[in-house]
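Q: Numbering-wise, the sequence shown is residues 4 to 129 according to the working numbering.
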Amino acid sequence: MPIRAQRSVAEHREGRNRLVSSSQPFRVTKHGIELRVRLTPKPSRDQIGEILEIEGIGVLRVAVRALPQAGAANAALLALIAKSLRIPKTSIRLASGGKSRIKVLEIAGDPETLAANLDRIISRPS
Numbered sequence: 004m005p006i007r008a009q010r011s012v013a014e015h016r017e018g019r020n021r022l023v024s025s026s027q028p029f030r031v032t033k034h035g036i037e038l039r040v041r042l043t044p045k046p047s048r049d050q051i052g053e054i055l056e057i058e059g060i061g062v063l064r065v066a067v068r069a070l071p072q073a074g075a076a077n078a079a080l081l082a083l084i085a086k087s088l089r090i091p092k093t094s095i096r097l098a099s100g101g102k103s104r105i106k107v108l109e110i111a112g113d114p115e116t117l118a119a120n121l122d123r124i125i126s127r128p129s
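(1) Nearest to Ile84 by CA position, among Ser99, Gly101 and Arg64, is which residue?
(2) Mind checking which residues open and close the alpha helix (DSSP H) that includes Ile84?
(3) Assuming the contact rule is C-beta atoms closer than 8 Å, Asn120 and Leu97 should be a hit. Round their C-beta distance to whole Å, please.
(4) Would you kindly report the start and end of the unbroken beta strand (DSSP E) that includes Thr43?
(5) Over what stretch of residues does the beta strand (DSSP E) that includes Leu70 continue unbroken?
(6) Identify, in the order they occur along the chain, each residue of the same chain with its Cβ nearer than 6 Å to the Cβ of Ala79, setting aside the five sequence neighbours on each side.
(7) What three-state label does DSSP hand Glu56 in the structure shown?
(8) What is the residue span of the beta strand (DSSP E) that Ser99 lies within?
(9) Excluding five sequence neighbours on each side, which residues of the same chain lie with their C-beta closer than 8 Å to the C-beta of Val62?
(10) Specify the secondary structure class of Lys92 as computed by DSSP and reduced to three states.
(11) So which of Ala118, Gly101, Ile124 and Val107 has the shortest CA-CA distance to Ile60?
(12) So the candidates are Pro91, Pro114 and Glu37; which of them puts its Cα closest to the Cα of Ser153?
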């Protein structure tokens, strides 16, 4: 029976939430794109961060100053993404993850334009 090396908690977390560059946090749909985000409420500033890989799936790290109460952090997330993509807030809908850190956003519009804008936002330094 082979002996497996024990991983420390830090190594486990790093392996589970590691930074990636190849896995995209979005997929193109018929009416736009679906964007997967990991939301962090209450940091010092609103920020779109890097791409993480969580359990084999690419997600975009986003932080908003709003508190996670009464949907304020979700509303701030939608506003930040809309502002960054230069689209109306009504084009973005929270598809899943209302009370979870991992959320899926549906963004309506031309998929190619939205994907190009997301690539621009993700690749720019914060």
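For each residue, glycine too, the CB sits at the ideal point set by N, CA and C.
A: If we stick to the structure as given:
(1) Against the sequence shown, residue 84 aligns to sequence position 81. Looking at the Cα atoms, Arg64 is the closest of the given residues.
(2) Position 81 of the sequence shown holds residue 84. In the DSSP assignment, Ile84 falls within the unbroken alpha helix (DSSP H) covering Ala75 to Leu88.
(3) The count along the sequence shown starts at 1 and reaches residue 120 at position 117. The count along the sequence shown starts at 1 and reaches residue 97 at position 94. No, Asn120 and Leu97 are not in contact; Cβ-Cβ is about 19 Å, not under 8 Å.
(4) For this step, residue 43 is matched to residue 40 along the sequence shown. Thr43 -> beta strand (DSSP E) spans Gly35 to Pro44.
(5) Your numbering for residue 70 matches position 67 in the sequence shown. Secondary structure note for Leu70: it is in no beta strand (DSSP E), with a DSSP letter that is neither H nor E.
(6) Indexing the sequence shown from 1 puts residue 79 at position 76. Same-chain partners within the cutoff: Val67 and Ala69.
(7) For the purposes of this step, residue 56 is identified with residue 53 of the sequence shown, where counting begins at 1. Of the three classes helix, strand and coil, the one that applies to Glu56 here is strand, per DSSP.
(8) Within the sequence shown, the letter at position 96 stands for residue 99. Run containing Ser99: Ile95 to Ser99, per the beta strand (DSSP E) assignment.
(9) Taking the first residue of the sequence shown as position 1, residue 62 is located at position 59. Counting only Cβ-Cβ distances below 8 Å, and skipping sequence neighbours, we find Pro28, Arg39, Val40, Arg41, Ile54, Leu55, Glu56 and Ile105.
(10) What you label residue 92 is simply residue 89 of the sequence shown in a count that begins at 1. Three-state DSSP puts Lys92 in a helix.
(11) Here residue 60 is taken as the residue at index 57 of the sequence shown, counted from 1. The closest CA to that of Ile60, considering only Ala118, Gly101, Ile124 and Val107, is found on Val107.
(12) Since the first residue of the chain shown is 4 and the last is 129, residue 153 is not available in this structure.
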